[in-house]
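Colleague: To start, I am sharing the structure in question, which I have written as structure tokens.
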Amino acid sequence: MRIKLLSLVLLSFTNLGVSQTQFWSDDFEDAGSPSSGSRTPSSTFNASNERYFDRVTTAQTNWTTVISGVVGSKFFGGSDIDNITGQNTQSHHQSVTWSSINISGKTGLSFSGLFAIGNVTGFDHFPGSSPIDYMLVEYRIDGGAWTSILRFFPNVPNGNGPLALETTGDSLAQGEGTALGGTFAQFSGNIVGTGTLLDLRFKCLANGTTFEEVGGDNFRLFYTTALPVTISSFTSSCEDKNEVISWVSESESRFDHYELESSADLNQFKSVAIIPAIGESTEAQNYQYVIPEKTSRNDLTYYRLKMVDQDGTFKTLEPISGSRCDMDAISDLLNSYTYQDQKLILFLKEQNLSIELLTVTGLSILKSESTLEQNELTIPLSYSSQKIVLLKISNQDQSKTIIHRLFLW
1028 MRIKLLSLVL
1038 LSFTNLGVSQ
1048 TQFWSDDFED
1058 AGSPSSGSRT
1068 PSSTFNASNE
1078 RYFDRVTTAQ
1088 TNWTTVISGV
1098 VGSKFFGGSD
1108 IDNITGQNTQ
1118 SHHQSVTWSS
1128 INISGKTGLS
1138 FSGLFAIGNV
1148 TGFDHFPGSS
1158 PIDYMLVEYR
1168 IDGGAWTSIL
1178 RFFPNVPNGN
1188 GPLALETTGD
1198 SLAQGEGTAL
1208 GGTFAQFSGN
1218 IVGTGTLLDL
1228 RFKCLANGTT
1238 FEEVGGDNFR
1248 LFYTTALPVT
1258 ISSFTSSCED
1268 KNEVISWVSE
1278 SESRFDHYEL
1288 ESSADLNQFK
1298 SVAIIPAIGE
1308 STEAQNYQYV
1318 IPEKTSRNDL
1328 TYYRLKMVDQ
1338 DGTFKTLEPI
1348 SGSRCDMDAI
1358 SDLLNSYTYQ
1368 DQKLILFLKE
1378 QNLSIELLTV
1388 TGLSILKSES
1398 TLEQNELTIP
1408 LSYSSQKIVL
1418 LKISNQDQSK
1428 TIIHRLFLW
């Protein structure tokens, strides 16, 4: 008998080899920061652990809120920035500018950084009567206009509150983004356009009567790298009792190799094989790898495909469910199963079986019966959002029952 099962991902002939590559950073440590260009604060002072605008350690600060999540030992912080001497003579506008960051030939630019605040009830929003407190990250390309990447403003109107991510441009973050606190949290944003040189700027305004504490850390810039390969399908199938992993590349250019990986739980993946690529092709290329029989498992195995460029850049496809091809019975009641196109297909060892799917907490999702003539049962699961379910199978007199965990990916 020739058995052919199939687990399939169709990829719509799109280039899935897109990844982000970091090319610049500033973690505010003593050595190696920034990685390129120059860093220039509007002013630098460190009058006390409550009045400063400088690179600082947590020991050099006295935040109202406990600080956590600092990368390394230092971050760039500000506290009571308009009040070095206690006389409110310093400007409440302060900034840090990074100049002449080379972006030649880079596209799909983006920024990521860590941000935190202390005194979460102390940031002012009193439009018309006093300046509104904020933190901003901005950029400009080749000396053009400054454009915001991230904007943090108070989320309490006409009062005092924490800074939060502001997304509408009205200088009020009420009901919008995540509020900042004492734990440094990552925020990211896109940079539109490209050119030769990029300038980056961190700006803050703190005009309150209390200590207003702000911090930024681990600033990074990325560009998008497209791998020169287009994958249109990635499948697992059975040819007799051999499991075959297949994929099709529609084009390749300066491409190096594929790496097939497997997992039993979708968490830990291990390398199965490295398959050399054609490397240069404008025509469809078919690849296959036969899973060695000695590595076959009774439980379902998952596979993913890593695509590696000649410069080491790589992208990994979403996992697919493998196919059990040895047909050794999982139990006295179930030979094997496969999951594809939101359908669970069971290959039963007996007829007249009761089938039930349950959540991992025991809540019943579906019940079904196999008929006298039925050894193969297809169960549609398009309505279920569960990714891990329990399969319960019992015979007619309940003398045999199995419960098997399934990963529906």
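Positions in the sequence shown are counted from 1; adding 1027 to them yields this note's numbering.
Every residue, glycine too, gets a C-beta built ideally from N, C-alpha and C.
What are the boundary residues of the beta strand (DSSP E) that TRP1274 is part of?
Modeller: 1269-1279
Colleague: Along the chain, where does the beta strand (DSSP E) containing PHE1102 start, and where does it finish?
Modeller: 1102-1106
Colleague: Do you know offhand how far THR1340's Cα is from PHE1282's?
Modeller: Looking at the two C-alpha atoms, the distance is approximately 10 Å.
Colleague: Within 10 Å of its beta-carbon, does SER1127 have 16 or more other beta-carbons around it, so buried, or fewer, so exposed?
Modeller: exposed
Colleague: Taking the beta strand (DSSP E) that LEU1293 belongs to, which residues open and close that run?
Modeller: Where LEU1293 is concerned, there is no enclosing beta strand (DSSP E), given that its DSSP letter is neither H nor E.
Colleague: I'd like to know if the stretch 1263-1270 and the stretch 1162-1180 are in contact, where contact means that at least 3 CB-CB pairs between them fall below 8 Å.
Modeller: no
Colleague: Less than 6 Å between C-beta atoms, sequence neighbours within five positions excluded: which residues of the same chain meet that for PRO1068?
Modeller: VAL1123
Colleague: Would you report the Cα separation of ASN1379 and ASN1422, rounded to the nearest angstrom?
Modeller: 7 Å
Colleague: Might you give, ordered along the chain, the residues of its own chain that have their beta carbon closer than 6 Å to the beta carbon of ASP1054, omitting 5 neighbours on each side?
Modeller: SER1060, VAL1098, GLY1099 and ASN1245
Colleague: Pull up the CB-CB distance for ASP1151 and ASN1234, whole angstroms please, since I reckon it's below 8 Å.
Modeller: 6 Å
Colleague: Kindly indicate which three-state DSSP category ALA1086 falls into: helix, strand or coil?
Modeller: helix
Colleague: What is the DSSP secondary structure of TRP1439, reduced to helix, strand or coil?
Modeller: This structure leaves residue 1439 out entirely; the chain is present only between 1028 and 1436.
Colleague: Does LEU1057 pass the burial test, meaning 16 or more other C-beta atoms within 10 Å, or should it be called exposed?
Modeller: Sequence check: residue 1057 is Asp here, not Leu. Around the C-beta of ASP1057, fewer than 16 other C-beta atoms lie within 10 Å, and the residue is accordingly described as exposed.
Colleague: Determine the contact status of GLY1149 and GLU1077, defining contact as a CB-CB distance below 9 Å.
Modeller: No, these two residues do not count as a Cβ contact at 9 Å.
Colleague: Mapping the DSSP letters down to three states, classify THR1328 as helix, strand or coil.
Modeller: coil
Colleague: Say whether the stretch 1247-1261 touches the stretch 1286-1296, bearing in mind that this needs 3 or more beta-carbon pairs closer than 8 Å, one atom from each stretch.
Modeller: no
Colleague: In its own chain, which residues sit with a C-beta less than 6 Å from the C-beta of GLY1216, not counting the 5 before and 5 after it?
Modeller: PHE1138, ILE1176 and LEU1177
Colleague: Need the endpoints of the beta strand (DSSP E) that VAL1317 sits in, please.
Modeller: 1312-1317
Colleague: Count the other CB atoms within 10 Å of the CB of ARG1432; is the residue buried (16 or more) or exposed (fewer)?
Modeller: exposed
Colleague: How would you call ASP1336, buried or exposed, if buried means at least 16 neighbouring beta carbons within 10 angstroms?
Modeller: In this structure ASP1336 is buried. Its beta-carbon is surrounded by 16 or more other beta-carbon atoms within 10 angstroms.
Colleague: Near ASN1313, which residues of its chain fall below 6 Å by C-beta distance, leaving aside the five closest residues on each side in sequence?
Modeller: Cβ neighbours of ASN1313 beyond the five flanking positions: VAL1275.
Colleague: Where GLN1315 and LYS1342 are concerned, what is the direct C-alpha to C-alpha distance, given to the nearest angstrom?
Modeller: Here the C-alpha atom of GLN1315 lies approximately 19 Å from the C-alpha atom of LYS1342.
Colleague: Measure from the alpha carbon of GLY1186 to the alpha carbon of each residue in ALA1200, THR1174, GLY1196 and THR1194, then state which is nearest.
Modeller: ALA1200
Colleague: By the DSSP assignment, the beta strand (DSSP E) with LYS1427 in it spans what residues?
Modeller: No beta strand (DSSP E) contains LYS1427, which DSSP labels as neither H nor E.
Colleague: Going by beta-carbon coordinates alone, are GLU1203 and ALA1191 separated by less than 9 Å?
Modeller: yes
Colleague: In terms of alpha-carbon separation, which member of ILE1415, ALA1172, ARG1167 and TYR1329 lies closest to LEU1390?
Modeller: ILE1415
Colleague: Would DSSP call ASP1355 helix, strand or coil?
Modeller: Confidence at ASP1355 is low in this model, with a pLDDT of 49, below 50, so the placement of that residue is unreliable and no value is reported for it.
Colleague: Between SER1426 and the rest of its own chain, which residues show a CB-CB distance below 7 Å, the 5 nearest in sequence each way excluded?
Modeller: By the criterion of a C-beta distance shorter than 7 Å, SER1426 is surrounded by no residue of its chain, once the five residues flanking it on both sides are discounted.
Colleague: Relative to the C-alpha of TYR1330, which candidate in ALA1304, PRO1319, VAL1299 and THR1386 has its C-alpha closest?
Modeller: VAL1299
Colleague: Let's test the definition: count the other Cβ atoms within 10 Å of the Cβ of ASN1146 and tell me whether it reaches 16, buried, or not, exposed.
Modeller: buried
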